[in-house]
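Enquirer:
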Amino acid sequence: MISISSTLLLLWVKHGLDQGLNTTVLTLLILLEVLLLMVTVHLIHVGGALSDLSGTIFAFYIVIIAGAESAIGLSILVAYYKLRGYVSSTI
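Each residue of the sequence shown is one higher than the one before, counting from 841 in the working numbering.
1) Determine the direct distance from the alpha carbon of D892 to that of V879, and round the result to whole angstroms.
2) Does DSSP put V927 in a helix, a strand or coil?
3) Return the first residue and the last residue of the alpha helix (DSSP H) that L868 is part of.
4) Report yes if the CB atom of A906 is closer than 9 Å to the CB atom of L871, and no otherwise.
5) Using the C-alpha atoms, what's the distance from Y921 back to T864?
6) Does the distance from the CB of S910 to the CB of E873 come in under 9 Å?
7) Nearest CA to the CA of G895: which residue from A889, I884, V903 and I904?
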């Protein structure tokens, strides 16, 4: 389970690096969500392996925070687009 999630994480990081300077804000937000998802998968896996419920509880909190972060980030992105007419990012 950990190897699958680590492989997915490395694929997303490789995709972000392949984009280079053309990485968009939306791609960065998706990459952040995937990172949070990988941490959640690791917590659930470790909690299940140790027969401990705290990993699942922490994963639940991470999902709540990731949802709030996604909603706030996208609303800021839409507001900026309405104000400027374009959205771009450079790394």
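C-beta: ideal position from N, C-alpha, C; glycine also.
Expert: Reading from the atomic positions:
1) Locating residue 879 in the sequence shown gives position 39, counting from the first residue. Locating residue 892 in the sequence shown gives position 52, counting from the first residue. Roughly 16 Å separates the two Cα atoms.
2) Working through the sequence shown from its first residue, we reach residue 927 at position 87. Coil.
3) One-based indexing of the sequence shown puts residue 868 at position 28. Note, L868: alpha helix (DSSP H), V865 to A889.
4) Position 66 of the sequence shown, counted from the first residue, corresponds to residue 906. Position 31 of the sequence shown, counted from the first residue, corresponds to residue 871. Contact flag unset, no.
5) Looking up residue 864 in the sequence shown gives position 24. Looking up residue 921 in the sequence shown gives position 81. Computed Cα separation, rounded: 13 Å.
6) By 1-based counting over the sequence shown, the position of residue 910 is 70. By 1-based counting over the sequence shown, the position of residue 873 is 33. Yes, Cβ-Cβ distance for S910 and E873 is below 9 Å.
7) Within the sequence shown, numbered from 1, the residue matching residue 895 stands at position 55. Of A889, I884, V903 and I904, the residue nearest in Cα terms is I884.
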